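Novice: Let me begin by handing over the structure; questions about it come next.
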Amino acid sequence: MGIEEPRDGGSRRPSTQPSTNTTVIDVDKDGFLRDFRTWSPDAAASIAAMERITLSARHWEVINLVRQYYDDFRVSPPTRVLAKLVAEKLGTDKGRSIYLMQLFTAKYARNVSKIAGLPKPTGCD
Numbered sequence: 001m002g003i004e005e006p007r008d009g010g011s012r013r014p015s016t017q018p019s020t021n022t023t024v025i026d027v028d029k030d031g032f033l034r035d036f037r038t039w040s041p042d043a044a045a046s047i048a049a050m051e052r053i054t055l056s057a058r059h060w061e062v063i064n065l066v067r068q069y070y071d072d073f074r075v076s077p078p079t080r081v082l083a084k085l086v087a088e089k090l091g092t093d094k095g096r097s098i099y100l101m102q103l104f105t106a107k108y109a110r111n112v113s114k115i116a117g118l119p120k121p122t123g124c125d
């Protein structure tokens with residue numbers, strides 16, 4: 001059973017069948033994809049909506065960077081590594097914790113990994 005997230009911003013609900021206006025995703029109890037290979041931009045938008053985040057181009061540059069990091073190292077970047085990575089690749093201002101919290105909330109390493117379809121970073125509760 002997955003989570004069916006209406007694209008119109010409605011509430012999420014359990015579903016076993018897809019419909020034309022939803023993306024069905026299979027997540028664990030913490031909201032992370034059970035199989036990262038099922039990730040898609042639509043799945044990312046659905047997961048973000050569950051966290052009350054509306055994705056913009058600023059979000060996508062961080063999401064794509066985190067997915068590339070995972071491809072290279074096979075691990076989701078923990079908080080400090082994520083901030084350093086973003087600062088190195090996207091600029092010092094974007095690598096600041098306050099910027100990342102504005103995009104992905106206080107649990108930004110956890111949320112960006114979740115939205116990117118990756119496993120929970122080490123050290124995240």
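For the sequence shown, full-length UniProt numbering begins at 1 and goes up steadily by one.
Ideal placement from N, C-alpha and C gives every residue a C-beta, glycine not left out.
On a predicted model such as this, the values are computed, not experimentally measured, just so you know.
(1) Quick one: Cα of Ala48 to Cα of Phe73, how far?
(2) How many Å lie between Tyr69 and Ile53 at the Cα?
(3) Is the beta carbon of Asp42 closer than 8 Å to that of Leu33?
(4) Below 8 Å on the Cβ atoms is my contact criterion, and I expect Asp30 with Lys107 to pass it. Report the Cβ-Cβ distance as a whole number of Å.
(5) Quick check on this structure: which residue in Asp93, Ala87, Asn64, Gly117 has the alpha carbon closest to the alpha carbon of Ser46?
(6) Starting from residue 127, follow the alpha helix (DSSP H) in both directions and report where the run begins and ends.
(7) Between which two residues does the alpha helix (DSSP H) carrying Val62 extend?
(8) Have a look at His59 and Phe104 and give me their C-alpha separation to the nearest angstrom.
(9) Please state the DSSP three-state secondary structure of Leu118.
(10) When we look at the beta-carbon of Ile98 and count the other beta-carbons within 10 Å, is it buried (16 or more) or exposed?
(11) Ordered along the chain, which non-local residues of its own chain (more than five positions away) have a Cβ less than 6 Å from that of Glu51?
(12) Short of 8 Å in beta carbon distance, which residues of its chain neighbour Lys89, apart from the five on each side in sequence? Order them along the chain.
Specialist: In brief:
(1) Within the sequence shown, residue 48 is the residue found at index 48, counting from 1. Within the sequence shown, residue 73 is the residue found at index 73, counting from 1. Cα-Cα distance, rounded: 24 Å.
(2) The count along the sequence shown starts at 1 and reaches residue 69 at position 69. The count along the sequence shown starts at 1 and reaches residue 53 at position 53. Whole-angstrom Cα-Cα distance: 22 Å.
(3) Counting from one through the sequence shown, the residue named residue 33 turns up at place 33. Counting from one through the sequence shown, the residue named residue 42 turns up at place 42. No.
(4) Taking the sequence shown and counting its residues from 1, one reaches residue 30 at position 30. Taking the sequence shown and counting its residues from 1, one reaches residue 107 at position 107. That belief does not hold up - the Cβ atoms of Asp30 and Lys107 are roughly 11 Å apart, past 8 Å.
(5) By one-based count along the sequence shown, residue 46 stands at place 46. For Ser46, the nearest C-alpha among the options comes from Gly117.
(6) Outside the displayed span of the chain (1 to 125) sits residue 127, for which this structure offers no information.
(7) As a working note, residue 62 is residue 62 in the sequence shown. Segment 57–73, the alpha helix (DSSP H) holding Val62.
(8) Here the question's residue 59 lines up with position 59 in the sequence shown. Here the question's residue 104 lines up with position 104 in the sequence shown. C-alpha separation (whole angstroms): 8 Å.
(9) As a position in the sequence shown, residue 118 is number 118, starting the count at 1. Correct three-state label for Leu118: coil.
(10) Residue 98 sits at position 98 when you count from the first residue of the sequence shown. Looking at its Cβ environment, which holds fewer than 16 other Cβ atoms inside 10 Å, Ile98 is exposed.
(11) Mapped onto the sequence shown, residue 51 falls at position 51. Result list for Glu51: Asn111, in chain order.
(12) Against the sequence shown, residue 89 aligns to sequence position 89. Correct list, in chain order: Leu65.
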